[in-house]
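Written out below as structure tokens is the structure these notes cover.
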Amino acid sequence: MAGLDFLQDLAIVMVVAGLAGWICQRAGLSSVVGFLLAGIVVGPYSPPFAFVSDLDRIHTLSQLGLVFLMFSVGMGLSIRRLRRMGLALVLATACGALIVFGGARSAGLLIGWTPAQSLFLAAMLMVSSSAIINKVLHEIGATHEPPSRRALGVTVLEDVVAVVMLTVLTSVAHAGSEAEAAPLGQTLGLILIFVIVIVIAGLLVVPRVLGQLARTAEVDLQTILIVGMILTAALVTVQAGYSLALGAFLLGAVVAETAQRAQVERYVQGLRDIFTAVFFVSIGMLMDIRLIGQAWMIVLLLGVFTLLLRTFACTASLILIGHSTRDAVRSGLMLTPIGEFSFIIAQLGVTTRAAPELIYPLAVGIALFTALTAPFLIKHSAQISGGIERLEPKFFKELVAFYHGALRKVQQRQQANAVWQLSRPRLVRVALGFLFITGLVAFSPRLNVAIFAWVGAGLPYQEVWNIAFWSGFALTVAVPLYALWKNLAALATIYAEALAGEGVMRVAVQAGLRTIFAVLIANWLWLLLPWERAAVWTAAAVIVLFLVLLFLLRQKLMLLHSKVEVELDEVLLAAEERPLRKQQELLQPHREWNIHVHEIVLPDRAECAGSSLSDLRLRSQFGCSVAGVERHGYAIPNPPPDLVLYPGDKLLLLATPEQMDAVRKFINRTKPADETAELIDEIEMQGVVVPTHGPAAGNMLIELDIPAITGVQIVGIERDGNRLLNPGPFQGIEAGDRLLALGTAPQISALTRWLTTPAQAAPPPPDE
1291 MAGLDFLQDL AIVMVVAGLA GWICQRAGLS SVVGFLLAGI VVGPYSPPFA FVSDLDRIHT
1351 LSQLGLVFLM FSVGMGLSIR RLRRMGLALV LATACGALIV FGGARSAGLL IGWTPAQSLF
1411 LAAMLMVSSS AIINKVLHEI GATHEPPSRR ALGVTVLEDV VAVVMLTVLT SVAHAGSEAE
1471 AAPLGQTLGL ILIFVIVIVI AGLLVVPRVL GQLARTAEVD LQTILIVGMI LTAALVTVQA
1531 GYSLALGAFL LGAVVAETAQ RAQVERYVQG LRDIFTAVFF VSIGMLMDIR LIGQAWMIVL
1591 LLGVFTLLLR TFACTASLIL IGHSTRDAVR SGLMLTPIGE FSFIIAQLGV TTRAAPELIY
1651 PLAVGIALFT ALTAPFLIKH SAQISGGIER LEPKFFKELV AFYHGALRKV QQRQQANAVW
1711 QLSRPRLVRV ALGFLFITGL VAFSPRLNVA IFAWVGAGLP YQEVWNIAFW SGFALTVAVP
1771 LYALWKNLAA LATIYAEALA GEGVMRVAVQ AGLRTIFAVL IANWLWLLLP WERAAVWTAA
1831 AVIVLFLVLL FLLRQKLMLL HSKVEVELDE VLLAAEERPL RKQQELLQPH REWNIHVHEI
1891 VLPDRAECAG SSLSDLRLRS QFGCSVAGVE RHGYAIPNPP PDLVLYPGDK LLLLATPEQM
1951 DAVRKFINRT KPADETAELI DEIEMQGVVV PTHGPAAGNM LIELDIPAIT GVQIVGIERD
2011 GNRLLNPGPF QGIEAGDRLL ALGTAPQISA LTRWLTTPAQ AAPPPPDE
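Numbering (the working numbering), first residue to last: 1291 to 2058.
Written out as structure tokens, the structure reads:
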């Protein structure tokens, strides 16, 4: 029976994958290596016979693994985390990826591959293995050193590079030939626009949907609907012509900004683990280990080339954003190993026949080579970087010092420039609005055709449908277009005041700038809209209908614009400051004895969590009684006053509807989003020298109260070559002492600034 054959294949895959993963974990290797080995064992290239009868079904299931894997990667890279990393590290990652792309693609051409095939080799080498890097850094205890923190930040951002390259490569593979493929720049531009549209739409819709599910649906229904959303996001991107990995990744990044992030991660964890294992097993099935032996020389040469190229690219990009050569080289050496995403890219090339079969053994061989050399390079990165720094020519050191000095001056001018500080948020909104509207218009013809084929095929006149669709579309675009104009008008006001001050001249400059902006918008829309696809009278009817509806609905559109902009600002511009949205109870009223019985669940970060019933004083404050508490399926009837409540507890309350409204607000009050877990990963140690003139010299640690002022702990003091670990509160500080400071980078920067301020000056706050 076909069904039993499939069940047998899946059972073999899961059992062998579990055993191989367990053995590799016991040996200190990643479980991914075990899954790949399991695929090789049960695959068609391992004699004497194939264990799996239907490879196509396993490969179909593996696509689910890719979807859930990309969703998890997206949840690990939230917009909040991107903002903390900073624009400089994002630019460094992009610059390093471009250098690797150029070098690896050139290497592919040298070994005789076509430009399209070389694109797969370049993508394979552009992404480091976060699992290997994390593992080695943890083993040597270097996780919190500044170069290690930068390397971990880059490897997280390179996951984004991998998703982008998967999308580009999918487009190249679907093109079928280089002649049909769009230029790379055009493809990347369309991907960027598509991403902006999906992310902004997701930020406006997904939090509402998840909040509604949390309030009204049981856990099993929430899980089903969330999985449906993940698969739908992947399907939408496939229908748009991109990789399914992109949709799942973007949805994960959006979900990471919601209050339900922890619950969603918990709900999909089991499915992710199962199907991710199937995915990597399917990659192993495609691997012919005989090719590795035949191509060992090219594997070795490309492995050495990868080490040199990735180290150079990451070092150069970090120097460009202001880091010293020593620290940049150390971070570059840590970023040499490739891994999981390289296997995914190789699989895409082989399954679509866009890359030669040799790319699989290359991916495995280079990954093994870099994984074996990574521990040595990372452990000795300080000595290697020191040696390279000593070998630097004098002119190069002077050039780097001059460049870094100029870079610091530019940064200081930007911070001191009031016009830049005022206009920067507006410029971000203008850029997002421009890309969002461009994306809506670019994909609107395809959307029109798809909707008409679905619901409009029976309509007698297609032009009537076109008028209705484009009028509705125009109203949809009116909201972001109005937001774009409001931000441009605000920029005109800021620049007019900066250029002309007050008076008539300011009004004239402001009017001139607004006129220029209006002309630019009109020309942009004229070039952007698909006028050539519509008849003249259809376009005229759409314009007239749009203007009439715009006049009638202008007040609602302005209110909608304000609401949308506030919600986007909450996520994009002040994510770390916003409180989590409230979760409401699962309400089921009963009317026995004329008493209402209500159920309410404590949200994950409830303010009342950790307090006892007597501390909450629900009866004295609100006049209601707690009839019972359910905790993880265990019922506690008539709970005692000293019972402590925790998130997830379900309370059975006796109260009137008016009393419940007050109780609901009290119970559902939540603390701001807890970023402690993420901030712990950003803790590092740095040495700071105490200057002669400052508040520290000549005082004891207890008098300085450094933890309260800067948030930094002093865990060591070095004086005249003698080191004191974990000094006591009465330890004195002298000028020239080297303090070993423990804290985040902004906190240590605040300590450095405070140590150099006059003794009576107020301490500066840590950088945001």
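The beta carbon of each residue, even a glycine, is placed where N, CA and C say it ideally should be.
Three-way DSSP call (helix, strand, coil) for residue i in this model
i     : result
M1274 : Any answer about residue 1274 is impossible in this case: the structure gives the chain only from 1291 up to 2058.
L1294 : helix
P1715 : helix
T1460 : helix
S1902 : strand
A1896 : strand
T2000 : helix
L2045 : helix
L1980 : The sequence given here has Val at residue 1980, not Leu. Of the three classes helix, strand and coil, the one that applies to V1980 here is coil, per DSSP.
F1763 : helix
S1336 : coil
D1510 : helix
D1995 : coil
A1317 : coil
V1342 : coil
P1947 : helix
P1985 : coil
P1929 : coil
DSSP beta-bridge partners of residue i
i     : result
I2007 : L2014, L2029
E1974 : G2033
Y1924 : R1921
G2022 : M1990
E1787 : Beta-bridge pairing links E1787 to no other residue.
L1942 : E1889, G1918
T1960 : A1896
V1934 : S1902
Environment of residue i [buried if 16+ CB atoms lie within 10 Å]
i     : result
H1613 : buried
F1273 : Absent from the structure is residue 1273, since the part of the chain shown begins at 1291 and ends at 2058.
R1881 : Confidence is the limiting factor: at R1881 the pLDDT is only 44, short of 50, which leaves the residue's position unreliable and the question unanswerable from this model.
A1412 : buried
N1958 : buried
M1990 : exposed
R1736 : exposed
R1439 : buried
D2010 : exposed
T1982 : exposed
P1651 : buried
N1813 : exposed
R1562 : buried
G1629 : buried
R1680 : exposed
A2037 : According to the sequence shown, residue 2037 is Gln rather than Ala. So Q2037 ends up on the buried side.
A1463 : buried
P1930 : exposed
P1405 : exposed
I1514 : exposed
E1948 : exposed
W1586 : exposed
W1403 : buried
Element boundaries [beta strand (DSSP E), containing residue i]
i     : result
L1681 : No beta strand (DSSP E) contains L1681, which is instead part of the alpha helix (DSSP H) from 1671 to 1681.
Where the alpha helix (DSSP H) containing residue i begins and where it ends
i     : result
A1798 : 1794 to 1818
D1346 : 1345 to 1366
G1324 : 1321 to 1332
R1909 : 1908 to 1912
Cβ of residue i within 8 Å of any chain D Cβ
i     : result
V1303 : Absent here is chain D; the protein component of the structure consists of one chain.
4-residue-minimum alpha helix (DSSP H) runs that sit fully inside the stretch 1384 to 1461, ordered along the chain:
Segments of the alpha helix (DSSP H) lying fully in the stretch 1384 to 1461: 1405 to 1415, 1420 to 1430.
List, from N- to C-terminal side, the alpha helix (DSSP H) runs of 4 residues or more that fit wholly inside the stretch 1518 to 1579.
Within the stretch 1518 to 1579, the runs of alpha helix (DSSP H) at least 4 residues long that lie entirely inside it are, in chain order, 1534 to 1545, 1551 to 1575.
Continuous alpha helix (DSSP H) assignments of at least 4 residues falling wholly in the stretch 1581 to 1667
DSSP runs (the alpha helix (DSSP H)) wholly in the stretch 1581 to 1667: 1586 to 1610, 1615 to 1624, 1630 to 1641.
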